[in-house]
Structures are given as structure tokens and as C-alpha cells.
Amino acid sequence: MPYALITGASRGIGRHLAVELARRGFDLVLVARSEELMDDLKSELESAHKIQVTLIVSDLSVPLAGEALYARVRQTMPVPDVLINNAGFGAFGTFHDADDHHLHRLIQVNIVTLTSLMRQVLADMLVRGAGRIMNVASCAAFNPGPLMAVYFATKAYVLHLSEAVAQECAGSGVTVTALCPGATATGFHRTAGFPEDSWLFAPPMAERPELVARYGARALFAGRRVAIPGIANKLSVIAIRFLPRRVAVILTHRVLRH
Ligand SMILES: NC(=O)c1ccc[n+]([C@@H]2O[C@H](COP(=O)([O-])OP(=O)(O)OC[C@H]3O[C@@H](n4cnc5c(N)ncnc54)[C@H](OP(=O)(O)O)[C@@H]3O)[C@@H](O)[C@H]2O)c1
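Here's what the structure looks like:
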């Protein structure tokens, strides 16, 4: 049975990505810190789809978390058929006021662990000559984001890394997709420290996570390099390409400090 390794699967977009892969008959290895939430999902998916779900409780913000995680996976499992690097979080506020330790944890999860896991899994997939990888970036990847400066920068990194490696892997049987959602109605804004009543992260401004996951799963299996769910998000990414960079940064600042 093919299986998918998915990080950040306890809630939000990652949880719905797990549902999408289960629907397609994949066994799952789910990773996050919230064991209870993943336990519920495991019971739900195993009974609905007759698949096997393995849970790994892991804090991906600690140094060498990616190395430890993949070593643990490979003790008992073959090379994954699908890797989805979805775990991530944001931090809202001015850069100079941010807490260094918090920013280090953010960079560790969004960049360091993602990179390590992707590289290790990719090396094994290339030997096998097959595999699909999806990294969850963001529309934030396309321009700088005042008030979320570090988060936006981490997502630009994820997008660039994914596109570059996708090209390196052309013709190898392994594909790399960057999923770039816009604002999505999950717990993301709460973790990031946005005001609870932020209109940016509530419908109709924000996309539903199940729709983002469905779109992402299709893009993953189609082997697309960059996938931007939603017409409004696609248009905003196109607009940003044509605006002078300084104007794009000013507009992004206005939207974020709403
Ligand atoms: N929501 C948006 O507006 C939006 C837009 C664009 C991109 N994204 C990206 O989409 C991805 C998923 O976010 P979401 O919106 O679904 O947010 P979410 O509901 O807060 O889910 C985040 C997931 O990441 C996991 N995670 C966070 N820190 C972790 C850590 N230290 N160790 C292990 N797992 C950790 C969480 O699990 P535990 O807390 O259980 O550990 C959770 O499963 C992120 O990469 C985010 O940057 C979100």
C-alpha cells in the first residue's frame, strides 16, 4: 500500500490534506504535537477508508527534528510515496518587537525542518525513481510582508526552494509542488497573534481549508510546480508581478494592519 508522510496534520489545511490522501487510498504517517487531535483523525480515517494511519508526536521546532523524524520513519517504513511538508506558523507584529526565540522556532519549522525532511526523502525517492513532494508555501511567498516580515520571508524561501528542486528533478519520476494558499480560515491567525475578529481570516475573505486541501491534492498528483488556490489569490499574485515592488510592499502593509 502506498503511503504519505504529512507534517502539521493535526488541524487546518494539513488535516484536510490527510483526508484527501486517505480518500485516494494512501496509508498515512501523520506528524504534529497535538496527539489527541491526531488520534481522533486516525480513528475517523481508518474506519472510513480502510487505511492504516501511524501517528508521530513531534515538535518540529527543535534542532535536528527533521533528521530525527525521518530516521524514526525509516526504522519501520519504506520510502514514502508522498511527502507533504505542511507544518508551519506565522508571527504578526513589528520585526523589532519580536521575540528572538519565537522567531528561531518559526524559522526552524518553516525552513530548517522542511528543508531537511525534503532533502532526505527526495534522495530516497530519486533512487527509487518515483515520488511526489508538496511544500506548503503561501501567497505571502510572492512579496515582502511588513508586520509579518519573517513569515513572508520563510514562505519566499519555500517557494524558491521548491521551484528550483522541481527543475533539478525534471524527468526523474519525482515531482515537487509548492502550494500557495491565500488567507485560509484555520487556527493560523490565532497562532500568529492576529486580532480574533480579523476580517482577513474569516469567510468570505478567507478560503475554506477543505477546498485548499482538495485543490492542493489535485495539483500534487498532477505534478504541478506552483499551485495557487482561488481566483482572487491568482489575480493578486499576477497583480504583484506588475506593480512596482515598493507599491506592493506598501499595499501589503495596509492589508496586514487592517
Ligand atoms: N491559514 C492561512 O491563512 C495560510 C495561508 C497560506 C499558507 N498557510 C500555511 O499552511 C500551513 C498550514 O497552516 P494552517 O493554516 O492549517 O494552520 P493551523 O491550523 O495552525 O495548522 C498548523 C499545523 O502545523 C503544525 N505545527 C505548527 N508548529 C509545529 C511544531 N512546532 N511541530 C509540529 N507541528 C507543528 C500544527 O500542529 P500542532 O500544533 O498539533 O503541533 C498544525 O497541525 C502552514 O505552513 C501555513 O504557513 C496558511
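Mapping to our numbering: the sequence shown position 63 is 68, numbers consecutive.
Quick reminder that beta carbons are idealized off the backbone N, C-alpha and C, glycines included.
With DSSP run on the structure shown, which of helix, strand or coil describes residue i?
i      : result
MET139 : strand
THR59  : strand
GLU201 : coil
ALA244 : helix
ALA27  : helix
VAL132 : helix
VAL67  : coil
VAL179 : strand
SER15  : coil
CYS174 : coil
MET123 : helix
GLY221 : helix
ASN148 : coil
THR196 : helix
THR118 : helix
PHE100 : helix
Going by Cα to Cα distance, which pick from the options is closest to residue i?
i      : options                       : result
ILE65  : PHE226, ASN115, PRO85, ALA23  : A quick correction: the sequence has Leu, not Ile, at residue 65. Comparing Cα positions, the closest option is ASN115.
ASP102 : ASN148, ALA161, MET153        : MET153
ILE56  : ALA37, ALA76, SER39, GLY30    : GLY30
ARG133 : PRO83, GLY198, ILE236         : PRO83
MET130 : ALA161, LEU88, ALA211         : LEU88
GLU212 : ARG137, THR189, LEU240, GLU51 : THR189
LEU240 : ILE255, LEU216, CYS185        : CYS185
PHE226 : PRO68, ARG137, LEU119         : ARG137
LEU108 : ARG219, TYR156, GLY178        : TYR156
MET139 : LEU119, LEU46, ALA146         : LEU119
HIS165 : ASP104, ASN148, ILE18         : ASN148
TYR75  : ASP104, ASP45, ILE11, GLY93   : ILE11
ILE236 : LEU216, ARG250, LEU248        : LEU216
ALA146 : ILE245, LEU46, ALA171, GLU40  : ILE245
GLY13  : ASP44, LEU35, GLU49           : LEU35
Identify the residues that DSSP records as bridge partners of residue i: which are they?
i      : result
ASP32  : TYR8
ALA232 : LEU184
ALA53  : DSSP output for ALA53 lists no bridge partner at all.
ALA37  : VAL62
GLU212 : THR189
Given the structure, does residue i come close to ligand 1, in the sense that its CB is under 7 Å from one of the ligand's heavy atoms?
i      : result
THR99  : no
PHE94  : yes
VAL114 : yes
GLY187 : yes
PRO234 : no
LEU26  : no
PRO149 : no
THR12  : yes
ASN238 : no
GLY19  : yes
PHE226 : no
PRO208 : no
SER15  : yes
ARG38  : yes
ASP45  : no
THR196 : yes
SER203 : no
ASP64  : yes
PRO214 : yes
Over what stretch of residues does the beta strand (DSSP E) that includes residue i continue unbroken?
i     : result
VAL87 : 87-90
Could you spell out the range, first to last residue, of the alpha helix (DSSP H) harbouring residue i?
i      : result
LEU111 : 105-112
LEU256 : 250-261
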